[in-house]
Amino acid sequence: GAVVSQHPSWVICKSGTSVKIECRSLDFQATTMFWYRQFPKQSLMLMATSNEGSKATYEQGVEKDKFLINHASLTLSTLTVTSAHPEDSSFYICSALRGSQETQYFGPGTRLLVL
Amino acid sequence: SQQGEEDPQALSIQEGENATMNCSYKTSINNLQWYRQNSGRGLVHLILIRSNEREKHSGRLRVTLDTSKKSSSLLITASRAADTASYFCATDPIQGAQKLVFGQGTRLTINP
Numbered sequence: 097g098a099v100v101s102q103h104p105s106w107v108i109c110k111s112g113t114s115v116k117i118e119c120r121s122l123d124f125q126a127t128t129m130f131w132y133r134q135f136p137k138q139s140l141m142l143m144a145t146s147n148e149g150s151k152a153t154y155e156q157g158v159e160k161d162k163f164l165i166n167h168a169s170l171t172l173s174t175l176t177v178t179s180a181h182p183e184d185s186s187f188y189i190c191s192a193l194r195g196s197q198e199t200q201y202f203g204p205g206t207r208l209l210v211l
Numbered sequence: 004s005q006q007g008e009e010d011p012q013a014l015s016i017q018e019g020e021n022a023t024m025n026c027s028y029k030t031s032i033n034n035l036q037w038y039r040q041n042s043g044r045g046l047v048h049l050i051l052i053r054s055n056e057r058e059k060h061s062g063r064l065r066v067t068l069d070t071s072k073k074s075s076s077l078l079i080t081a082s083r084a085a086d087t088a089s090y091f092c093a094t095d096p097i098q099g100a101q102k103l104v105f106g107q108g109t110r111l112t113i114n115p
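From first to last, the protein sequence lines are chains A and B. In this text, residue positions in the first sequence follow my numbering: the first is 97, and each later residue adds one. In this text, residue positions in the second sequence follow my numbering: the first is 4, and each later residue adds one.
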């Protein structure tokens with residue numbers, strides 16, 4: 097199968113600190129990964145598209161300086177929430193595309209709580 | 004909003020009954036996908052149906068797609084308590100660079 101992992105699975109941090117979330121494709125190479133945000137009992141909202149070796153593409157309304165994305169290898173993308181505030185508390189989920197397949201494989205998510 | 008609509012928002016049925024969830028979307032698509040999410044977890048891919056397909060089966064799952072009405076349905080037959088989860092449809096819009104657009108989801112509860 098196609099396995100995607102995320103680390104950490106949950107994190108609590110103080111307001112003003114930065115938090116890095118990793119998304120890894122464990123058994124396949126992913127040139128494209130996606131980052132989503134999900135508030136409680138709501139749907140997933142796409143934040144950005146992460147392409148290996150190039151700059152991420154951000155969706156409208158998502159601050160690129162606030163949510164830094166790095167896709168340095170074919171198996172790893174990172175999302176850094178900079179100067180986190182309580183309103184950034186959410187469930188962050190990544191997904192990865194396997195080659196030319198249409199199916200996105202999702203990670204288990206990272207729950208962020210900013211105090 | 005580009006997000007699709009799903010109905011019902013919540014559905015509670017008895018174990019063994021069939022569950023039907025509907026999804027409507029707004030743009031032309033390459034395909035439509037259904038995902039399941041257990042509480043606080045990631046998404047599990049259930050089934051993908053392409054725009055030129057009308058019906059697809061996978062085990063106890065049956066998905067239909069009507070591109071003229073821009074709608075899809077997911078039927079789970081002979082439901083089990085383990086089917087309790089949130090179910091999301093997601094569309095892959097044409098010229099959308101494979102950026103999925105998710106519906107609001109249906110929270111399904113199967114009562115034993």
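Built from N, CA and C at the ideal position, the CB exists for glycine as well. Note that the structure is a prediction, hence the values are computed from the model and not measured.
DSSP, read as helix, strand or coil, puts residue 86(B) in helix.
Nearest in C-alpha terms to residue 23(B), of all of 10(B), 39(B) and 30(B), is 10(B). Short of 7 angstroms from the beta carbon of residue 74(B), and not among the five residues preceding or following it, lie these beta carbons of its own chain, in chain order: 25, 26 and 27. Contact note: residue 85(B) does not reach chain A at a C-beta cutoff of 8 angstroms; the least C-beta distance is about 18 angstroms. Distance check between residue 183(A) and each of 135(A), 139(A) and 107(A) places 135(A) closest, using alpha-carbon atoms only. The distance from the Cβ of residue 104(B) to that of residue 96(B) is about 6 angstroms, consistent with a contact at the 8 angstroms cut-off.
In terms of beta-carbon proximity, residue 199(A) lines the interface with chain B, with at least one pair separated by less than 7 angstroms.
Judged by DSSP secondary structure, residue 103(A) falls within the beta strand (DSSP E) whose first and last residues are 100 to 103. Beyond the five residues adjoining it in sequence on each side, residue 132(A) comes within less than 8 angstroms, by CB distance, of 140, 141, 142, 143, 188, 189, 190 and 191 in the same chain, given in chain order.
For residue 121(A), the enclosing beta strand (DSSP E) begins and ends at 115 to 121.
C-alpha of residue 180(A) to C-alpha of residue 67(B): approximately 42 angstroms in a straight line.
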